[in-house]
Every structure is written in C-alpha cells, then in structure tokens.
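The structure appears right after this line, and notes come after that.
Number of protein chains: 2
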Amino acid sequence: MNAPLPAHLLPRLEPRPVPAAMLEALQAQFGARCSTALAVREQHGRDESPIDAPPPEAVVYCESTEDVAAVVKLADRYAVPVIPFGVGSSLEGHLLAVQGGVSIDLSRMNKIVAVQPEDLTVTVQAGVTRMQLNNEIRHTGLFFPIDPGADASLGGMSATRASGTNAVRYGTMRENVLGLTVVTASGETIHTGTRARKSSAGYDLTRLMVGSEGTLGVMTEITLRLYPLPEAISAAICAFPSIDAAVRTTIQIIQMGIPIARCELLDTHAVRAVNRYDKLTLTEAPMLLMEFHGSSASVAEQAATVQQIATEFGGSGFQWATTPEERTKLWAARHRAYFAGLQLKAGCRTVTTDTCVPISRLAECVTQASDEATAAGMMHYIVGHVGDGNFHIAYLVDPAIASERETAERLNNQVVQRAIAAQGTCSGEHGIGLHKMDFLVTEAGAGAVDLMRTLKRALDPKNIMNPGKIFAL
Amino acid sequence: MNAPLPAHLLPRLEPRPVPAAMLEALQAQFGARCSTALAVREQHGRDESPIDAPPPEAVVYCESTEDVAAVVKLADRYAVPVIPFGVGSSLEGHLLAVQGGVSIDLSRMNKIVAVQPEDLTVTVQAGVTRMQLNNEIRHTGLFFPIDPGADASLGGMSATRASGTNAVRYGTMRENVLGLTVVTASGETIHTGTRARKSSAGYDLTRLMVGSEGTLGVMTEITLRLYPLPEAISAAICAFPSIDAAVRTTIQIIQMGIPIARCELLDTHAVRAVNRYDKLTLTEAPMLLMEFHGSSASVAEQAATVQQIATEFGGSGFQWATTPEERTKLWAARHRAYFAGLQLKAGCRTVTTDTCVPISRLAECVTQASDEATAAGMMHYIVGHVGDGNFHIAYLVDPAIASERETAERLNNQVVQRAIAAQGTCSGEHGIGLHKMDFLVTEAGAGAVDLMRTLKRALDPKNIMNPGKIFAL
Numbered sequence: 247m248n249a250p251l252p253a254h255l256l257p258r259l260e261p262r263p264v265p266a267a268m269l270e271a272l273q274a275q276f277g278a279r280c281s282t283a284l285a286v287r288e289q290h291g292r293d294e295s296p297i298d299a300p301p302p303e304a305v306v307y308c309e310s311t312e313d314v315a316a317v318v319k320l321a322d323r324y325a326v327p328v329i330p331f332g333v334g335s336s337l338e339g340h341l342l343a344v345q346g347g348v349s350i351d352l353s354r355m356n357k358i359v360a361v362q363p364e365d366l367t368v369t370v371q372a373g374v375t376r377m378q379l380n381n382e383i384r385h386t387g388l389f390f391p392i393d394p395g396a397d398a399s400l401g402g403m404s405a406t407r408a409s410g411t412n413a414v415r416y417g418t419m420r421e422n423v424l425g426l427t428v429v430t431a432s433g434e435t436i437h438t439g440t441r442a443r444k445s446s447a448g449y450d451l452t453r454l455m456v457g458s459e460g461t462l463g464v465m466t467e468i469t470l471r472l473y474p475l476p477e478a479i480s481a482a483i484c485a486f487p488s489i490d491a492a493v494r495t496t497i498q499i500i501q502m503g504i505p506i507a508r509c510e511l512l513d514t515h516a517v518r519a520v521n522r523y524d525k526l527t528l529t530e531a532p533m534l535l536m537e538f539h540g541s542s543a544s545v546a547e548q549a550a551t552v553q554q555i556a557t558e559f560g561g562s563g564f565q566w567a568t569t570p571e572e573r574t575k576l577w578a579a580r581h582r583a584y585f586a587g588l589q590l591k592a593g594c595r596t597v598t599t600d601t602c603v604p605i606s607r608l609a610e611c612v613t614q615a616s617d618e619a620t621a622a623g624m625m626h627y628i629v630g631h632v633g634d635g636n637f638h639i640a641y642l643v644d645p646a647i648a649s650e651r652e653t654a655e656r657l658n659n660q661v662v663q664r665a666i667a668a669q670g671t672c673s674g675e676h677g678i679g680l681h682k683m684d685f686l687v688t689e690a691g692a693g694a695v696d697l698m699r700t701l702k703r704a705l706d707p708k709n710i711m712n713p714g715k716i717f718a719l
Numbered sequence: 247m248n249a250p251l252p253a254h255l256l257p258r259l260e261p262r263p264v265p266a267a268m269l270e271a272l273q274a275q276f277g278a279r280c281s282t283a284l285a286v287r288e289q290h291g292r293d294e295s296p297i298d299a300p301p302p303e304a305v306v307y308c309e310s311t312e313d314v315a316a317v318v319k320l321a322d323r324y325a326v327p328v329i330p331f332g333v334g335s336s337l338e339g340h341l342l343a344v345q346g347g348v349s350i351d352l353s354r355m356n357k358i359v360a361v362q363p364e365d366l367t368v369t370v371q372a373g374v375t376r377m378q379l380n381n382e383i384r385h386t387g388l389f390f391p392i393d394p395g396a397d398a399s400l401g402g403m404s405a406t407r408a409s410g411t412n413a414v415r416y417g418t419m420r421e422n423v424l425g426l427t428v429v430t431a432s433g434e435t436i437h438t439g440t441r442a443r444k445s446s447a448g449y450d451l452t453r454l455m456v457g458s459e460g461t462l463g464v465m466t467e468i469t470l471r472l473y474p475l476p477e478a479i480s481a482a483i484c485a486f487p488s489i490d491a492a493v494r495t496t497i498q499i500i501q502m503g504i505p506i507a508r509c510e511l512l513d514t515h516a517v518r519a520v521n522r523y524d525k526l527t528l529t530e531a532p533m534l535l536m537e538f539h540g541s542s543a544s545v546a547e548q549a550a551t552v553q554q555i556a557t558e559f560g561g562s563g564f565q566w567a568t569t570p571e572e573r574t575k576l577w578a579a580r581h582r583a584y585f586a587g588l589q590l591k592a593g594c595r596t597v598t599t600d601t602c603v604p605i606s607r608l609a610e611c612v613t614q615a616s617d618e619a620t621a622a623g624m625m626h627y628i629v630g631h632v633g634d635g636n637f638h639i640a641y642l643v644d645p646a647i648a649s650e651r652e653t654a655e656r657l658n659n660q661v662v663q664r665a666i667a668a669q670g671t672c673s674g675e676h677g678i679g680l681h682k683m684d685f686l687v688t689e690a691g692a693g694a695v696d697l698m699r700t701l702k703r704a705l706d707p708k709n710i711m712n713p714g715k716i717f718a719l
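Chain order of the listed sequences is A and B. Residue 247 is where the first sequence starts when you use this note's numbering, and the numbers rise one by one after that. Residue 247 is where the second sequence starts when you use this note's numbering, and the numbers rise one by one after that.
Given below as structure tokens:
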C-alpha cells in the first residue's frame, strides 16, 4: 500500500468522470484495445512513486499517431483527462490519474520509424524503450546514450527530460531530441524541429514539449541524435575514504575539462545493495564508477589523469573493466541500484531526491544529505550522476508507518532547500510530477510558475492533458 | 539605400504611434537617456539585413533590469511596441521598427554580473559582447565558445539562438544558456533556469526564450556555461579541388565522431574576399579551416586522422597554424568574411541564406546552391559551419537594381526549399526575423506556427514585444 496523495495537493483535483458516450465511442473505435478491466486500469494508475491515487477509468492501447489523435479529440470533446503511459517507471507520480480520465498506453507504438546512420539520427515511436533502441541500431555502429535507471520509453524520457549516467558527456534528452510529432490538446498533430543538428527557426517547440510531463501534448514520434560507438571504452571503479573525497575527485575531473563519459557515485549503502542484489564483491565504501570513451590513446590518457586525481584524494583499489562483459556487468549493477536498494528493507517504498547543483557545491550537498539521514536513523542509500552535480538520496520508508514517511519528507525538504540555496534545482532528471510542486515554486519563483500556467492554459484550455502535474492550475 | 519591406509582409503592420504622454513619462524618468534624435533613431532602426523600415520613435538607454521593466510597463500601458537592441548585427531585420515604438538599447548593460570559475558558469548583462566576455574572463582559464561573425551581444545571441564556428563541438546558445532574467510583456521580471548543468524542473522557459527574437520578453541577464581553455589547440587549412570534396571530407569527420572543434568551409569567392580584406595569401580554392582542441596527444591524433581523410578526398597544401598569433589571424579573417565579402562589390548589400541540413545531404545542397548562383550570374560567396550542416551563401546585390534583389530571392528560395525537402531548416543560426516567415511555415507547418502564435498571444496579449517578427499575428 502506498501513501495517499498529500492533502495540500488535492484542492482543485475534483474527479472528472468519463461520460458513457465517450466510453462507448472509444470502445466502438478501439474494441478490445480499450480496456476498463480493473487490473489493467490499476497497472496504468501507478508508477514507482510512493503516492496512491484511484486508477484511470479506461486504458486505450494506441498503435499510431492517428489512434492517439482520435482519443485526444474525444477527450477534448468531453473535457476528460488523458494521461500518456510508456512503461510506468516515473518516480514522481506522473502517471497517476488524480482527476480520473483515460490512460493512453503507447507501449505498442514500439517501431523504429527510420534510422539514418549517415546523419547520426533516428526517428522512433514513443513506446520504443532505450534498450530496444540500442539493440535495434547495433548494426549501424551507433548508439543512443541516455540511460535512466529503468528501461524507460523514449516518450517517457522525453516527457521528463530524462538523463542518466552518460549525460556528463552526451547531454540529456534536452540536447538529444531533435524533433517531435505531437498530438496537441485539440487533437491536432504537429511536427517540431527537423533532422538538422541546430536551428534558429522560430520558437523552440521541441524543448517546450521535452520536460512538459504530458501536460502540453502527447509525443508520439521522436527524432533523436545518435553517436558513433567509441573506438575504445574503458570503465573503472575506485573506492574512497569518504563521500567527500569521491565527490572532490569528480569536481576536479570536471573543472579540468576531462571528457569523461560516465562518473557515478555510490555510497557505502548503495554498494552493499548492489553487491547483494547482483552478487558482486565490490569494496563496501564510497565509490566512483567511471567510463572513458574515445580513441585508444585518448582513453588511456584520460584514465591516467583521472587515476592520478583520485589517488590525490585517497582513492584506492582502482580496478579496470576493459572487456565488454565486465563493463556490462558493472553498469547493469548500477542501473539496477534502485531495485537493489529496495531490497535493503522488506516491503519498503522510496522517497527519492533528485537535486542537481553547481559542481563546486556538490561535496557539501551530498555529505550533508548523508549525515542528516544517518542522524535521523533513516535507512537510505545515495547514487549520483556526480559529473553533472546530480545525486539521488533514496529514503527507504515503510508505507505503513506514517512517521517514516514524514521523516523522509523532512529530510528531502532539507536536501532540496540546500540545493536551491546553492543555485541548483530540485529536479535534475525525474521531473516535478505530483511530488515537487512546492519545490518548483521555491526554485523558479511564483512569477515563472505563473508563466508556465499561462502557457498551459493557452495550449490546453480545458486542462485535459495530464492535469494536476507540475503545478496546480 | 536598402530595399523596402516586401509588400506581402506588411498587411497587418499598421504603425502604432507612441502617445505624447508615454514619451513624456520616458523623458521624465530617463532624461538624456531617452533620445528622439533622428540620427539615434535611425541607428537603432536598421541592422545588417537588406530591408528598410521607418526608425523607432524613441530610443531608451537602459542600465538595469529595473530600467527595462519601467520601459516595458509604460509600453504595456500604452500598447506600444518595444524592440531590444544590442549591437545591431542581426541579418534578418530583427531590429526594424515595423510598427514604430521604442528601441530598448541594452549596450550599457555591459557588466559581468558574476563569474564562478569553479562551476564553469558566468552571469552577464545582456549588452556584454562575446569578445568582451572572453577578454574579461581570460584570467580564469575559461572561455565562452559561441562566436557568430559579428562581435554580437550575448542578449542578441540568445534572442536569435546564435551559434558560429565552435558549435560543432560546444553546441549553440540553445545548449549554453543555463538561465535568464527576463522582463515579460507585462513588465514583470522573472528568472528561468538555475546554475545547475541540467534540470527537469517544469517547462523549459529558458529555451522558450532563447531564439524567441525579442517577441516574448526582454532578456536582461544571462547565465552561460564556460569551458576550460584546451591544453592544446591546433588549427589547419586545407585546399580542395571542389566544394564537394571539402564537404565530403567534413561529412566523414562527423560520421567518424572525431571531436573536431571547428570545421569551416570557404568557397573560392570567400577565400578571395578574405585574402583581399585581410591581406592574406591563401590558395584561392575551396578550403576547410579546422581547429582541434584537447590534450596535446589528442589534438595530434585528431589532426592526423583528419589529414588522412582530407588527402583521400584530394585535399592538398595542408597548412598548420599552431602559434596563437597564426591562429588568431586565421580566425579573425574568417570572422570578417561577411565584411570582406561586402567589399567584393561596391555598395552592395547581401541576401544571405542560413540553411542547415542533415550532414549526409550537405554536399549536394552546397554544390547546387553554388552552381545555381553561378548559372544566374549572381555574385556570391559561400561560408559554412559545415560540421553542423550549416552554410551561408551570400548573394551580393546592388540595392538600386530591383532585378538583382529578385534574382537573389529566387536563388535563396531554391536553397531553402531544397534544405527543407532534405529535412533540414531554413535557419541554422540567424533566426526568422522579417525575412523568413514564409519559409518557417513551409518548414514547420501551419499547425506548429499556429501553436507559436498561441504562445505569443498568451505571453504578449497586446503584441508589444518586437511585433511583426517570426510570424504575422
């Protein structure tokens, strides 16, 4: 059982029932692809967030942009909410049907529309997952680097402006989405961007949609940048005497401009969790997982420089993973850290922070977050895309014990306020969803959030596109 | 004398006079900083575009965000247009007062607000120019890479989503603006973004403003990413037997993922122009100017690989410029290519294309553009940020001869239509302004442009922010 939606988020979230006429129209058009079965609805009404809400009233499995447009046109006609659904891996309640409505399941839109290896671009349907994409383009010698922990859909990753372990080198979805096909709130289909690498042609609708969490339109196709698989890849792990030492090593790597491809922190708890879950034998100490991409000579040079920096900060036990198998094992363990962490405490859910700060402030922010959680007796673990200044502290809470949730929220609040004071952000990559609305106001200011509301009202006057997320209207 | 504004752009552009009461209020508040002198107004009513329009009715020299907010509040009250002005280097008519109004001169907002070398960030006032910024931060060992031809203001560069010669490695203003202070159409001041490298916190207002050409708000302060000066830099020039050979070399460099920092094409005409203007002795043939950044070993390796590729395509006379003086001379010549080109024909103005295409289509697009101009007997030169797929063909027209302008526009149209057919864009870095509105509709589609209009109306209901640009309302 999850925690209920916090009371202060609920004031304007009256249920908006799906009229019988709309349901009949959906069933007439989609047949068995429109489901009202409770199990299906419940599966589409939750995600990895610790929040509960009633499920949507119906789920429609769309297979094309035209399908999506048809559902949205009905939703527009009846002023009913629609919520796009990829794989359900949101951590912030993005998929919760807080006002009821219809879930638009995009998982069957899982085709690679076109790949242009000679241009380093690909166009995918929104339901394609990141691993599927990389499997299907392997023969081209190219890859798509953005890798959130889950095997998320590219649609969901675009909607939350996701990143992951490679962002320090390759950027986030913000930098890597070139264009979109979007069904707007009126059910019209528009195209944004082009396949050119850059553009100054009018408002940047692509980046307005990327990170809009389904509140401005449903993205159905996505054109992405790809990258040549590096000639050489080398991964390394290094244990440190403290979180501080590991983060200070990272800071120096970034400040020196070393083009490191991945630079991930795991605290002792996280290392313990992946050791257990993945049957590894990593030293249970704060640790950096790093990866270097480039020519053989460049990778060797980067690695040597980084090893020297790490040694200066007390790093020890530098271990290399140069074979693809070793590397895959290491990064698979890192990607499963979230699920590994959940196993540290039976039946727990996590409250996860997602702050991202200017790199010089990272050591103090991570260390204080860790110390405060320890002092509060709160089970937790820390993983971080520290090369970006982004880290997650996951508090493991028993959903049956209200005080644990309260303590986690209090600690979370402290981490966020500190990040904002350091001119950072409350969300590096997970999005605002239901959970961080108040933080967004603190961070951006009431004026900027009002401007976001103005955009929302202009593009979605009936408030049918994933309502209740990012801000209360 | 410039060409008049094309008639088809004019239908909704009725003049909107500045009421006497507003002018009095401006003069009372700003004294001598509010000018109605014709020479001042004329200087603020033109740019590098070949279009003429009447000048603004007044110019206000703002020295702070509060000054800008005060002007905009008056403009809001009297429903009068305001046009932000940096250095006047727009090529697309962005600064033209097509409906009259007040020019907001930001050139006195030329302070570095804060530089944080340890975070690789800087905050500047909008009137700071790119060269000034790099001069003032030189002591930090960091630099800001975006370099349009002119010594443009960072405000203007943000407004047009500018790029330049380094974008192939470092991205454009889209990737390098982290946050903004913006005066909105109601005269409110908001802040967008943070100093964190990435964020998923709400709508991406920063990137909505970047490239909005002054039509959604006036950017007054800008937080930018900086980069460590590379340990080693090496520049090279190489002549080719044809434009096609030079571009195919570029395509292969990009497809191989070589992290080249600059990769610029000059056609024979452009080389001749810079030879004359800068008293250089470059071989008058299609030429690539390249630069490599990194460690000494990495630069040497990149350069060797590129030299090998160039040789395969018939490149010859590879010349290295390794001393800072030689490099500066070379790149200064490249940056002056626009002004050098103007000297090829006495009294001429240019009509300049700015298409950007997927890299595999670049060779055919550049070659056909060149061939068509030659066949039409139109004097021209080509420069290109070819690593990005972006090139400019500048047609040199005598503004007194209508047929030259018509021929240039016809050729321009062919170049753009070809780029759009190749899934590229009509504008890689100059913006839409007055000149490319029709192309924007062709490229983005009426639906996407309508969505832009909806955003504009929502954020600027009185249409006072640089009206008449990007699209007709």
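Backbone N, C-alpha and C define an ideal beta-carbon position, used for all residues, glycine too.
Closer than 8 Å to chain A by CB, residue i
i: residue 248(B); result: Since pLDDT at residue 248(B) reaches only 47, below the 50 mark, its modelled position is unreliable, and the value read off the structure follows with that caveat. Not one chain A Cβ lies under 8 Å of residue 248(B).
i: residue 283(B); result: no
i: residue 630(B); result: no
i: residue 704(B); result: yes
i: residue 676(B); result: yes
i: residue 694(B); result: yes
i: residue 391(B); result: no
Buried or exposed by the 16-neighbour rule on C-beta atoms within 10 Å, applied to residue i
i: residue 412(B); result: buried
i: residue 577(B); result: buried
i: residue 759(A); result: Not covered by the structure: residue 759(A). The range shown for chain A is 247 to 719.
i: residue 451(A); result: buried
i: residue 261(A); result: exposed
i: residue 713(A); result: buried
i: residue 387(A); result: exposed
i: residue 341(A); result: buried
i: residue 397(A); result: exposed
8 Å Cβ cutoff, residue i in contact with chain B
i: residue 365(A); result: yes
i: residue 437(A); result: yes
i: residue 269(A); result: no
i: residue 700(A); result: yes
i: residue 319(A); result: no
i: residue 713(A); result: no
Among the options, nearest to residue i - alpha-carbon criterion
i: residue 537(A); options: 615(A), 583(A), 559(A) and 484(A); result: 484(A)
i: residue 560(B); options: 532(B), 491(B), 353(B) and 610(B); result: 491(B)
i: residue 279(B); options: 267(B), 321(B) and 349(B); result: 349(B)
i: residue 408(A); options: 542(B), 288(B), 444(B) and 339(B); result: 444(B)
i: residue 679(A); options: 428(A), 643(A) and 297(A); result: 297(A)
i: residue 643(A); options: 694(A), 587(A) and 478(A); result: 587(A)
i: residue 663(B); options: 650(B), 419(B) and 690(B); result: 690(B)
i: residue 467(A); options: 308(A), 633(A), 685(A) and 294(A); result: 308(A)
Residue range of the alpha helix (DSSP H) that includes residue i
i: residue 449(B); result: No alpha helix (DSSP H) holds residue 449(B); DSSP gives it neither H nor E.
i: residue 320(A); result: 311-324
i: residue 624(B); result: No alpha helix (DSSP H) holds residue 624(B); DSSP gives it neither H nor E.
i: residue 401(A); result: 400-405
i: residue 287(A); result: 284-290
First through last residue of the beta strand (DSSP E) which encompasses residue i
i: residue 437(A); result: 435-439
i: residue 425(B); result: 423-429
i: residue 595(B); result: 595-598
Meets three-Cβ-pair contact criterion under 8 Å: the region 374-382 of chain B and the region 308-321 of chain B: Judged by Cβ distances under 8 Å, the region 374-382 of chain B makes no contact with the region 308-321 of chain B, as fewer than three pairs qualify.
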